Structure formats: structure tokens, C-alpha cells
Amino acid sequence: MSEQSARRQFLQTASAAVATTVLAPTLAFAEVEVPAQSTEYTFPSDWGLTYNYEADASKVRAHMVIATGLAKGSDRMEDFGKNLKKEMIDFVSYYRRFPQVAGKPSFSTLYTSINVLAGHYTSYGYKYPLPEKRRKRLYQEYAEIDKSLKRNR
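For the sequence shown, counting from 1, position 77 maps to 92 in our numbering; every step adds exactly one.
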């Protein structure tokens with residue numbers, strides 16, 4: 016076998032291995048079930064930060080899960096979205112200043128989710144529910160955030 020054909024064979028094998036690794040879905044993403052949208056929910060009364068990272072991250076995540084599941088025509092949907100966007104902005108503004116928090120996997124995943132939801136609100140307003148593809152991605156991220164918070168990471 017010549018050096019050129021050996022190199023060609025190596026590149027084909029390596030590119031196939033990379034393609035399988037990159038394109039194969041992770042188990043965590045495959046396990047997440049996306050609930051149907053609903054107009055029934057309890058409007059939270061616990062808005063705002065407590066300045067305890069674990070408590071605040073859990074609360075913001077919980078509020079985001081509710082927002083992601085809201086259907087068009089939900090009662091007080093616009094008020095919920097405005098309160099949530101303010102809470103998300105306050106959360107990111109406060110906690111990104113602390114390197115010990117900003118380096119946690121739960122923070123970076125929550126930050127990504129916050130950007131997705133805040134971007135939806137900015138582009139489409141508070142009265143429009145999230146599209147199915149965006150909801151699925153967010154529910155996957157919420158599951159990852161929950162796992163990270165349980166591990167204190």
C-alpha cells in the first residue's frame with residue numbers, strides 16, 4: 016500500500032468516525048418528552064431574585080418551563096412574559112459577574128435557554144407561544160439544567 020493510499024484510507028476512516036460522533040444524538044436529548052401546550056397554569060407570585068444561586072436558578076428554570084408550555088390565549092400570558100423577561104435579565108446580569116458561578120454547566124445552559132426565550136419575546140412579543148422546534152430544544156436544555164443543579168454543578 017502506498018503512502019498516499021494509506022493516507023486516503025486513514026482520512027476516510029477518521030471522517031466516518033467524526034461524522035458518527037457529531038451526528039449521533041445524545042441519550043439525554045432523546046429521552047425528553049415535550050408536553051402539549053396548555054392554557055391552564057398557576058400564575059407565580061415569587062418573582063425576583065433571592066441572591067442564592069441554586070434557589071434562583073431553580074426558580075428561573077421553573078418559570079421558564081411554565082412559559083414554554085403556554086398556549087395561545089393563556090390567561091395573563093403577556094404579564095407572565097414581561098415578569099419572566101425581567102427576572103431572566105436580572106438573573107444573568109447578577110450572576111455572570113461571579114466566575115465561580117459563571118463557570119458552572121448549569122449557568123451556561125441556563126444562560127443559553129434565557130437567550131432563546133428572551134429572543135423569542137423580543138422578536139414575537141409576549142402573546143405568541145413558542146414554536147414546537149424551539150420548545151423541544153428548550154425542554155432538552157431544562158433537563159440538562161436540572162441534572163446539573165442536582166449535582167451542584
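Quick reminder that beta carbons are idealized off the backbone N, C-alpha and C, glycines included.
Here the structure is a predicted model, which is why all the values come from computation and not from measurement.
Between the CA atoms of residue j and residue i - distance to the nearest angstrom
| i | j | result |
| --- | --- | --- |
| ALA43 | ARG150 | In this prediction, ALA43 has a pLDDT of 47, which is less than 50 and means its spatial position is unreliable; nothing more can be read from the coordinates. |
| ALA72 | LYS119 | 11 Å |
| VAL116 | GLU18 | 50 Å |
| TYR56 | SER138 | 24 Å |
| MET92 | GLN24 | 58 Å |
| LEU99 | GLU159 | 20 Å |
| LEU153 | SER163 | 15 Å |
| THR65 | GLY88 | 31 Å |
| SER60 | GLN155 | 26 Å |
Reduced DSSP category for residue i - H, G, I as helix; E, B as strand; rest coil
| i | result |
| --- | --- |
| LEU169 | An answer regarding residue 169 cannot be provided, because it is not within the stretch 16 to 168 covered by the chain. |
| SER89 | coil |
| SER53 | strand |
| GLU48 | coil |
| SER73 | helix |
| LEU153 | helix |
| ILE81 | helix |
| TYR143 | coil |
| TYR66 | coil |
| LEU38 | Only weak support is given to the placement of LEU38: the predicted model assigns it a pLDDT of 45, under 50, and the value that follows is read from those uncertain coordinates. DSSP places LEU38 in helix when its eight states are reduced to three. |
| GLN24 | helix |
Residue interval of the alpha helix (DSSP H) (run including residue i)
| i | result |
| --- | --- |
| PHE106 | 92-110 |
| THR127 | 120-139 |
| PRO114 | 114-117 |
Nearest-angstrom Cβ-Cβ length linking residue i and residue j, presumed shorter than 8 Å
| i | j | result |
| --- | --- | --- |
| PHE122 | TYR110 | 6 Å |
| VAL75 | TYR157 | Contact flag wrong, Cβ pair sits at about 11 Å. |
| TYR141 | LYS97 | 6 Å |
On the three-pair Cβ rule with 8 Å, is the stretch 127-144 touching the stretch 85-105? yes
Is the stretch 83-98 touching the stretch 48-59 in the sense that three or more CB pairs, one from each, lie closer than 8 Å? yes
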